[in-house]
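In numbering that gives the first Met the number 0, the protein residues as written are 0 to 315.
First the structure, in the form of structure tokens, and then the observations on it.
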Amino acid sequence: MTQGERNRAGAPNLGKVAVLMGGSSAEREISLLSGDAVLAALVRSGIDAHAFDPARRSLCALKDEGYSRVFIALHGRGGEDGTVQGLLETLGIPYTGSGVMASALAMDKWRTKMIWLSAGLPTPGYRLLAADTDWAAVFEDLGPTLFVKPAREGSSVGATKVDGADRAALAQAYAAAVQHDPLVLAEEFVGGEELTCAFVADQVLPLVRIVAPQGNYDYRHKYFSDETRYFCPSGLPQQQEREIQALVMRSSQLLGCRGWGRADLILRDDGRVSLLEMNTAPGMTGHSLVPMAARVAGIGFEDLVLRILAEACLDS
């Protein structure tokens, strides 16, 4: 018996699986990398898994072709924002990750912040921007350094750091962000170290501490740079790590997340922590943070993918 035959013989009965990847969002390139990695892991584990790109084929084919569950490896709008989840609910095909409402909320940084703030959870201050915004007033509210970002994009797409209360630079940053989303946020700059914390089902994974060149953890440094350094274990005191993990699980519960996810945070210079955003379909590339944390917890990549897939379900 070959290794592949042994894998198939011992594989859990999860039926025919579609790995949704690619799509039409600004994060298509990363989604293809994530999907390829997930698909390869499932095939190695003996799962009857197949690639499925919604930008190339109608999702209705999932029902026609007898798929019994879906691993969502799509990132960004059209895949991580509740739209695909809603269609899969209609088709009655269980899928990985959060349901319709939680996916839509987590994709929207503005509404995520409102929910967290209403529950007293810490997150940086912000302002919504428009073409007629008083730029000077934004700096008065948030300070001389801030980030401008589309409210419903991920992977730092369309995000710009603005320094020195430069009103012209703020206007330019808004113009860049609004190309991706009519809803644009300015967020106060919070000095400190970037952290991320993932969970799979009810298990919270170890924190990852991120040190990017010049503190600039942008699209390139997230996915294509070897200059960014990652520390897992994080090196934080055990009690502090447990408190941050508890905060992340509370933040995910408030949004209604399920299955798996990853929160991004800032450990401020004064020791306080601020929540930045929640990712309901995190990356699974060679630079991705959920597999990194899982390895430290003793969970290999194939096992991680199988655990996520086993959690696939419907809202109803």
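Where a beta carbon is used, it is the ideal one built from N, C-alpha and C, also for glycine.
So F70 packs on L145, CB below 8 Å; how close in whole Å?
As a position in the sequence shown, residue 70 is number 71, starting the count at 1. As a position in the sequence shown, residue 145 is number 146, starting the count at 1. About 37 Å separates the two Cβ atoms, so there is no contact after all.
What did DSSP end up calling E187 once you bin it into helix, strand or coil?
Residue numbering aside, residue 187 sits at position 188 when the sequence shown is read from its first letter. If DSSP states are grouped into helix, strand and coil, E187 belongs with the strands.
Where do the ends of the alpha helix (DSSP H) carrying V99 lie?
Stepping through the sequence shown from its first residue, residue 99 is reached at position 100. Annotation for V99: the continuous alpha helix (DSSP H) segment containing it runs V99 to M106.
Comparing alpha-carbon positions, which option in G65, C196 and V203 lies nearest F230?
One-based indexing of the sequence shown puts residue 230 at position 231. When each option's Cα is compared against that of F230, the closest is C196.
Strictly by DSSP, which residues pair up with F51?
To locate residue 51, count along the sequence shown from 1; it is residue 52. L19, per the DSSP bridge assignment.
In whole angstroms, give me the CA-to-CA distance for L32 and M283.
Stepping through the sequence shown from its first residue, residue 32 is reached at position 33. Stepping through the sequence shown from its first residue, residue 283 is reached at position 284. A straight-line Cα-Cα distance of about 8 Å links L32 and M283.
Buried or exposed for Q84, please, with buried defined as at least 16 other CB atoms from any protein chain shown within 10 angstroms of its CB.
What you label residue 84 is simply residue 85 of the sequence shown in a count that begins at 1. In the assembly as shown, Q84 is a buried residue. Its beta-carbon has 16 or more other beta-carbons within 10 Å.
Pop quiz: M100 and G81 are said to be a contact at Cβ under 8 Å. What is the actual Cβ separation, rounded to whole angstroms?
The residue you call residue 100 lines up with position 101 of the sequence shown. The residue you call residue 81 lines up with position 82 of the sequence shown. Right, the Cβ-Cβ distance comes to about 7 Å (below 8 Å), so this counts as a contact.
Got a sec, what are the start and stop residues for the beta strand (DSSP E) S273 sits in?
Locating residue 273 in the sequence shown gives position 274, counting from the first residue. Element bounds for S273: V272 to N278.
Name the residue from L305, S315, R126 and A25 whose alpha carbon lies nearest to the alpha carbon of A39.
Stepping through the sequence shown from its first residue, residue 39 is reached at position 40. Comparing Cα-Cα distances from A39 to each of L305, S315, R126 and A25, the minimum goes to L305.
Pull up the distance between the alpha-carbon of Q202 and that of E64, whole angstroms please.
As a first step, residue 202 must be located in the sequence shown, where it is residue number 203. As a first step, residue 64 must be located in the sequence shown, where it is residue number 65. Distance between the alpha carbons of Q202 and E64 is about 33 Å.
Compute the beta-carbon to beta-carbon distance between A176 and V147, rounded to the nearest angstrom, for a pair I have assumed lies under 8 Å.
Here residue 176 refers to the residue found at position 177 when the sequence shown is read from its first residue. Here residue 147 refers to the residue found at position 148 when the sequence shown is read from its first residue. Right, the Cβ-Cβ distance comes to about 5 Å (below 8 Å), so this counts as a contact.
As assigned by DSSP and simplified to three states, the class of P290:
Sequence index remark: in the sequence shown, residue 290 carries index 291 (1-based). The answer is helix: DSSP assigns P290 an H, G or I state.
Exposure label - N12; buried when at least 16 CB within 10 Å
In the sequence shown, counting from the first residue as 1, residue 12 sits at position 13. By the beta-carbon neighbour count (other beta carbons within 10 angstroms, threshold 16), N12 is exposed.
Whose CA, out of R27, A25 and V42, lies closest to the CA of F300?
As a position in the sequence shown, residue 300 is number 301, starting the count at 1. If you compare the alpha carbons of R27, A25 and V42 with that of F300, the shortest gap goes to V42.
Does the Cβ-Cβ distance between E152 and G260 come in under 9 Å?
Position 153 of the sequence shown, counted from the start, is the residue given in the question as residue 152. Position 261 of the sequence shown, counted from the start, is the residue given in the question as residue 260. Not closer than 9 Å, so no.
With burial defined as no fewer than 16 other Cβ atoms inside 10 Å of the residue's Cβ, what is the status of L59: buried or exposed?
Along the sequence shown, one-based indexing puts residue 59 at 60. Before going on, a small fix: residue 59 reads as Cys here, not Leu. Exposed.
Give the secondary structure of Q178 by DSSP, where H, G and I count as helix, E and B as strand, and everything else as coil.
Counted from its first residue, the sequence shown places residue 178 at position 179. Residue state, collapsed to three classes: coil.
R306 lies in the alpha helix (DSSP H); which residues open and close that run?
By one-based count along the sequence shown, residue 306 stands at place 307. Run containing R306: F300 to A309, per the alpha helix (DSSP H) assignment.
Going straight from the alpha carbon of G96 to that of A25, what length do you get?
In the sequence shown, residue 96 corresponds to position 97, counting from 1. In the sequence shown, residue 25 corresponds to position 26, counting from 1. A straight line joining the alpha-carbon of G96 with that of A25 spans about 20 Å.
Determine whether the beta carbon atoms of R241 and P121 lie at a separation below 9 Å.
Residue numbering aside, residue 241 sits at position 242 when the sequence shown is read from its first letter. Residue numbering aside, residue 121 sits at position 122 when the sequence shown is read from its first letter. With a cutoff of 9 Å on beta-carbon distance, R241 and P121 are scored as not near each other.
Comparing C-alpha positions only, which one of A135, V207 and S250 sits nearest to R294?
Here residue 294 refers to the residue found at position 295 when the sequence shown is read from its first residue. Taking only the C-alpha atoms, the option nearest R294 is V207.
Proximal residues to F188 (C-beta, below 6 Å), its chain only, five neighbours per side dropped
Position 189 of the sequence shown, counting from 1, holds the residue named residue 188. Closer than 6 Å at the Cβ level, and outside the excluded window around F188, lie T144 and L145.
Using a threshold of 9 Å, state whether the C-beta atoms of R68 and P93 are closer than that.
By 1-based counting over the sequence shown, the position of residue 68 is 69. By 1-based counting over the sequence shown, the position of residue 93 is 94. Taking 9 Å as the cut-off, the beta carbon of R68 is found closer than this to the beta carbon of P93.
Candidates W134, E139, R126 and V156: which alpha carbon is nearest A168's?
For this step, residue 168 is matched to residue 169 along the sequence shown. Nearest C-alpha to A168: W134.
Below 9 Å between beta carbons: does that hold for L274 and V289?
Within the sequence shown, residue 274 is the residue found at index 275, counting from 1. Within the sequence shown, residue 289 is the residue found at index 290, counting from 1. It is not a contact, given that the beta carbons lie outside the stated cut-off.
Could you tell me the alpha carbon to alpha carbon distance between H49 and I307, rounded to whole angstroms?
Along the sequence shown, read from residue 1 onward, the residue named residue 49 stands at position 50. Along the sequence shown, read from residue 1 onward, the residue named residue 307 stands at position 308. Their backbone Cα atoms lie some 16 Å apart in a straight line.
Does the separation of the CB atoms of Q171 and G157 fall below 9 Å?
If you number the sequence shown from 1, residue 171 lands on position 172. If you number the sequence shown from 1, residue 157 lands on position 158. Cβ atoms of Q171 and G157: not closer than 9 Å.
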